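Take a look at the structure set out below.
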Amino acid sequence: MVSEYEAVVVREAFKLYLQHQQASVVSRLLNETGRKTKRYEAQRGATRAARKWTTQDVLRLLRSSLYAGFVPYGDEMRPGEHPAIVDRATFHQVQDVLEGRGPGIQYHWRNPDYVLRGLLRCGMCGEAMTPGSTRKGTREYRYYRCVTRDTQGKEGCQASPLSAAALEDFVVARLREVSVGGGFATQVHARLTSRLEEKHKALRAERVRLPKDLARSAGESAKWVDSLSKLEGPSRRLLEQKRTAAEEESAGMKKRLAEVERALDAMEGEKLEAAWVAQALADFDAVWDALTAANRGRLLQALVGRVVVDEETDSVDVHLAHAGESATPLREEVAP
857 MVSEYEAVVV REAFKLYLQH QQASVVSRLL NETGRKTKRY EAQRGATRAA RKWTTQDVLR
917 LLRSSLYAGF VPYGDEMRPG EHPAIVDRAT FHQVQDVLEG RGPGIQYHWR NPDYVLRGLL
977 RCGMCGEAMT PGSTRKGTRE YRYYRCVTRD TQGKEGCQAS PLSAAALEDF VVARLREVSV
1037 GGGFATQVHA RLTSRLEEKH KALRAERVRL PKDLARSAGE SAKWVDSLSK LEGPSRRLLE
1097 QKRTAAEEES AGMKKRLAEV ERALDAMEGE KLEAAWVAQA LADFDAVWDA LTAANRGRLL
1157 QALVGRVVVD EETDSVDVHL AHAGESATPL REEVAP
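FYI, in this note's numbering the residues of the sequence shown are 857 to 1192.
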């Protein structure tokens, strides 16, 4: 059972993440406002006290499908019987950003040459790999390094920095292979279209539901106003608190309704983006060489789910974003 306080924190975390797109920023902002993690009670009576948020706490929360009304079933997410705390369109949007595929990912404030930014995972510790560079004279050497190694040293992870150019060339070579024949381009377009249709359906359902919820909330508030004049003491204070909570809920619903309208307006642009991705993949060899670095990154973010680099086995697994959950990743043993 989720308390109202927890529900507020969960919605706030999702909202903050869509605004800032960094879990570390979300944890800092939650801590600055005095928000705490959930207090857990184990079956044997042990408890874990509420505490300050960490980046990993935020990531666990954002990836939990339970908050969107789903329940995990094997590799699938199925609708549950419990109420959703965040709407499913928002949940899917957050998952896109977490996987580096969200439309909010922008490159104008970052070095666009790192086209695998946000996609790489260290196979030795499971954490992300982040871009870096060093200079020797006038020459710049680009690389990707393990976040654990970067923050904790060799004691945390033994992975060494790896050549950015070698990893990027490897991933592009694998995409050239799967794009031959046009079948994968057709599959990607179908999956993107299906996902957009699901998002559109969810947004339209919200647009229908929210005005009804607002009308219901307004009716309840009106009844409470009539009752306030007849009450005194603790009963009056309790009713005033309920009325204030209802007003805040209504304000939140109005804000969400405006967000839904904006999201629906943006759907046409997302459809055009899906078509561009499929078209680029259909003629990958010719298109890739003509793309700018920013658009290369944009295309890879749409096509690749994650790339796992395991230095111990000298292997790189490329997991395609639209190949299905049961698809075998593209693997090759290399020494980047």
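We put the beta carbon where it would ideally sit given N, CA and C, even for glycine. On a predicted model such as this, the values are computed, not experimentally measured, just so you know.
With DSSP run on the structure shown, which of helix, strand or coil describes residue i?
{"i": "His-1056", "result": "helix"}
{"i": "Gly-1089", "result": "helix"}
{"i": "His-1175", "result": "strand"}
{"i": "Asp-1141", "result": "helix"}
{"i": "Val-971", "result": "coil"}
{"i": "Thr-889", "result": "coil"}
{"i": "Thr-1148", "result": "coil"}
{"i": "Val-1160", "result": "strand"}
{"i": "Val-953", "result": "helix"}
{"i": "Pro-1067", "result": "helix"}
{"i": "Trp-1132", "result": "helix"}
{"i": "His-1275", "result": "The requested residue 1275 is not part of the displayed model; the chain covers only 857 to 1192."}
{"i": "Pro-959", "result": "Because Pro-959 carries a pLDDT of 48, less than 50, the predicted location of this residue cannot be relied on, and the following value inherits that uncertainty. Coil, per DSSP."}
{"i": "Asp-1006", "result": "helix"}
{"i": "Gln-877", "result": "coil"}
{"i": "Ser-920", "result": "coil"}
{"i": "Lys-1098", "result": "helix"}
{"i": "Ala-1114", "result": "helix"}
{"i": "Asp-943", "result": "coil"}
{"i": "Gly-1038", "result": "coil"}
{"i": "Ser-859", "result": "coil"}
Rounded to a whole number of angstroms, what is the C-alpha to C-alpha distance between residue i and residue j?
{"i": "Leu-1066", "j": "Arg-1118", "result": "15 Å"}
{"i": "Gln-1135", "j": "Ala-1041", "result": "7 Å"}
{"i": "Val-1196", "j": "Lys-1098", "result": "As displayed, the chain neither begins before 857 nor continues past 1192, which places residue 1196 out of reach and without an answer."}
{"i": "Thr-889", "j": "Gly-1038", "result": "51 Å"}
{"i": "Ala-940", "j": "Ala-1061", "result": "14 Å"}
{"i": "Val-1174", "j": "Ser-1050", "result": "23 Å"}
{"i": "Ala-1020", "j": "Val-1143", "result": "21 Å"}
{"i": "Met-985", "j": "Lys-1110", "result": "40 Å"}
{"i": "Ala-1101", "j": "Lys-871", "result": "19 Å"}
{"i": "Gln-1043", "j": "Arg-895", "result": "44 Å"}
{"i": "Gln-951", "j": "Arg-919", "result": "7 Å"}
{"i": "Lys-868", "j": "Arg-1162", "result": "The residue you asked about is not Lys; residue 868 is Glu in the sequence shown. Cα to Cα, Glu-868 sits roughly 27 Å from Arg-1162."}
{"i": "Asp-1139", "j": "Leu-1176", "result": "17 Å"}
{"i": "Ala-1058", "j": "Thr-994", "result": "53 Å"}
{"i": "Lys-908", "j": "Thr-893", "result": "6 Å"}
{"i": "Val-866", "j": "Gln-878", "result": "15 Å"}
{"i": "Leu-1048", "j": "Glu-1011", "result": "42 Å"}
{"i": "Pro-928", "j": "Val-953", "result": "20 Å"}
Within 9 Å of any Cβ in chain B, is that where the Cβ of residue i sits?
{"i": "Thr-1007", "result": "Of the protein chains in the structure, only one exists, and it is not chain B."}
Where DSSP assigns a beta bridge to residue i, which residues make up the other side?
{"i": "Lys-992", "result": "Arg-995"}
{"i": "Val-1165", "result": "Cys-978 and Val-1172"}
{"i": "Ala-984", "result": "Arg-977"}
{"i": "Tyr-1000", "result": "Pro-987 and Leu-1018"}
Please classify residue i as buried or exposed, where buried requires at least 16 neighbouring CB atoms within 10 angstroms.
{"i": "Gln-949", "result": "buried"}
{"i": "Gln-875", "result": "exposed"}
{"i": "Gly-974", "result": "buried"}
{"i": "Leu-886", "result": "buried"}
{"i": "Leu-1128", "result": "exposed"}
{"i": "Arg-991", "result": "exposed"}
{"i": "Asp-1141", "result": "exposed"}
{"i": "Tyr-923", "result": "buried"}
{"i": "Tyr-873", "result": "buried"}
{"i": "Ser-883", "result": "buried"}
{"i": "Thr-946", "result": "buried"}
{"i": "Ser-1035", "result": "buried"}
{"i": "Lys-1055", "result": "buried"}
{"i": "Val-971", "result": "buried"}
{"i": "Arg-944", "result": "buried"}
{"i": "Leu-1023", "result": "buried"}
{"i": "Glu-983", "result": "buried"}
Across the segment 934-948 and the segment 906-916, are there enough close Cβ pairs to call them in contact, namely three or more that are closer than 8 Å? Note that the segment 934-948 does not touch the segment 906-916; fewer than 3 beta-carbon pairs, one per stretch, sit closer than 8 Å.
Counting pairs of Cβ atoms below 8 Å between the segment 1101-1119 and the segment 1022-1037, do you hit three or more? By the C-beta criterion, the segment 1101-1119 is judged not to be in contact with the segment 1022-1037, since fewer than 3 inter-stretch pairs fall below 8 Å.
Okay, do the segment 1139-1153 and the segment 991-1006 touch, 3+ Cβ pairs below 8 Å being the bar? Verdict: no, contact absent.
For the structure I just gave you, are there three or more beta carbon pairs, one from the segment 978-997 and one from the segment 1160-1178, closer than 8 Å? Short answer: they touch.
Check whether the segment 1098-1109 and the segment 1060-1078 are in contact - that is, three or more C-beta pairs closer than 8 Å. As far as the Cβ criterion goes, the segment 1098-1109 touches the segment 1060-1078, which means the pair count is three or higher.
Kindly confirm or deny that the segment 1006-1015 and the segment 1122-1129 touch, where touching means at least three C-beta pairs closer than 8 Å. Flag = no, the segment 1006-1015 and the segment 1122-1129 do not touch.
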